[in-house]
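Step one of this worksheet: look at the structure below.
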Amino acid sequence: MKFAEYDYRDVQGADGCSAMDGVWDAHWRGRQGLKGDLSDEPLWPTIREHLRTPGRLLEAGCGTGQWVQFLGGLGHDAVGIDYAPSGLEVGRAHNPSLNLIQADFRSLPFDDGSFDYVVSFGAVEHDIEGPEDALREFHRVLKPDGKLMCSVPCLNLYRTIGYPLLAIRKWLKCRTMLRRLRGKTAPFVFYEYIWSPKGYQTILSQCGFNVLAMHGYGNVLKSRPTQLLDAIAARVWPLSSAHMMMAICEKGQIA
Ligand SMILES: C[S@@+](CC[C@H](N)C(=O)[O-])C[C@H]1O[C@@H](n2cnc3c(N)ncnc32)[C@H](O)[C@@H]1O
Numbered sequence: 001m002k003f004a005e006y007d008y009r010d011v012q013g014a015d016g017c018s019a020m021d022g023v024w025d026a027h028w029r030g031r032q033g034l035k036g037d038l039s040d041e042p043l044w045p046t047i048r049e050h051l052r053t054p055g056r057l058l059e060a061g062c063g064t065g066q067w068v069q070f071l072g073g074l075g076h077d078a079v080g081i082d083y084a085p086s087g088l089e090v091g092r093a094h095n096p097s098l099n100l101i102q103a104d105f106r107s108l109p110f111d112d113g114s115f116d117y118v119v120s121f122g123a124v125e126h127d128i129e130g131p132e133d134a135l136r137e138f139h140r141v142l143k144p145d146g147k148l149m150c151s152v153p154c155l156n157l158y159r160t161i162g163y164p165l166l167a168i169r170k171w172l173k174c175r176t177m178l179r180r181l182r183g184k185t186a187p188f189v190f191y192e193y194i195w196s197p198k199g200y201q202t203i204l205s206q207c208g209f210n211v212l213a214m215h216g217y218g219n220v221l222k223s224r225p226t227q228l229l230d231a232i233a234a235r236v237w238p239l240s241s242a243h244m245m246m247a248i249c250e251k252g253q254i255a
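Just so we're aligned: the sequence shown equals residues 1 to 255 in UniProt numbering.
Structure follows, in structure tokens:
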């Protein structure tokens, strides 16, 4: 359902929205070192469950390559790609043996069917054109029995309640005239889409994936009383408070 997305496709180009060119490069520049042990990360239990058997693994949108290093240490033949050179430089300076390649994941420099796993954590939602080009590339480079693990932000219960206000705020932020009145000359920079679990599953299946499971992580409600509230909400609203959702998929047929 269109309403259940932060969808900027309609305003793209019409009122000064621009893509995220250069934003990630600035984000990683000046960082130092990689976190060695990622087993305390909220997405780790899901990754551990589904990446038990070592294989050839691609991380699309690897940033500094911290997961490439960690998963490589667990026996995977891991390669990371990212289009922001500064993140890759941080990773290479810390660990020159990491296999990190600067490339755009919408056009992957790999043969068809060359990976057992493609993983991507919080990356495909940042393309104003939508995630489909990236997902079709992930599909192409996976082996016939390969698996995709791909996480994006989740339109959970609480974001859905606040959605009308957020949508109005974002719409206003995109208006060039209003930006000028506030003294801003640069165009509004698109940041990310947020899909409902159902909307995300539809996109994945249109790109040829069979969704085996959806896991939420990084809950937005942290205190004890709200967790109780959340346990009740979760019974009627799947992933009710998940900040991110990870889809576990097998390769199927492109529609
Ligand atoms: C939120 S960061 C995730 C970093 C990393 N996965 C981690 O968990 O440490 C998203 C990354 O995706 C990369 N990215 C976004 N779109 C991309 C594209 N089309 N091609 C390659 N990298 C991309 C960005 O440069 C950024 O480093």
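Backbone N, C-alpha and C define an ideal beta-carbon position, used for all residues, glycine too.
For clarity, every value in this text was computed on a predicted model and none was experimentally measured.
Distance cut-off 7 Å: residue i Cβ against heavy atoms of ligand 1
i, result
"K62", "First, the residue type needs correcting, since residue 62 is Cys and not Lys in the sequence shown. Yes."
"W44", "no"
"R106", "yes"
"F121", "yes"
"D82", "yes"
"G130", "no"
"Q66", "yes"
"H76", "no"
"D37", "no"
"G22", "no"
"A134", "yes"
Inter-residue CB distance, residue i and residue j (contact presumed, cutoff 8 Å)
i, j, result
"S240", "A247", "With 8 Å as the limit, S240 and A247 do not qualify as a contact, their Cβ atoms being about 17 Å apart."
"Y83", "A103", "7 Å"
Straight-line gap, residue i to residue j (C-alpha atoms, nearest Å)
i, j, result
"Y8", "I101", "Note on Y8: pLDDT 38, under 50, position unreliable in the model; the coordinate value appears next. Y8 and I101: Cα-Cα distance of roughly 30 Å."
"W237", "L157", "7 Å"
"A213", "Q253", "18 Å"
"T53", "I81", "22 Å"
"R56", "Q227", "38 Å"
"residue 263", "H243", "Only positions 1 to 255 of the chain appear in the structure, and residue 263 is not among them; the question remains open."
"S114", "H139", "10 Å"
Residue i, buried or exposed, once every other Cβ within 10 Å from all chains shown has been counted against 16
i, result
"Q69", "buried"
"D10", "Bear in mind that a pLDDT of 35 at D10, under 50, signals an unreliable position, so the model cannot answer this."
"M177", "exposed"
"Q206", "exposed"
Residue i beta carbon near ligand 3 (any heavy atom closer than 7 Å)
i, result
"D127", "Ligands displayed in this structure: ligand 1; ligand 3 is not among them."
Are there three or more Cβ pairs, one per stretch, closer than 8 Å when the region 147-157 is compared with the region 191-198?
yes
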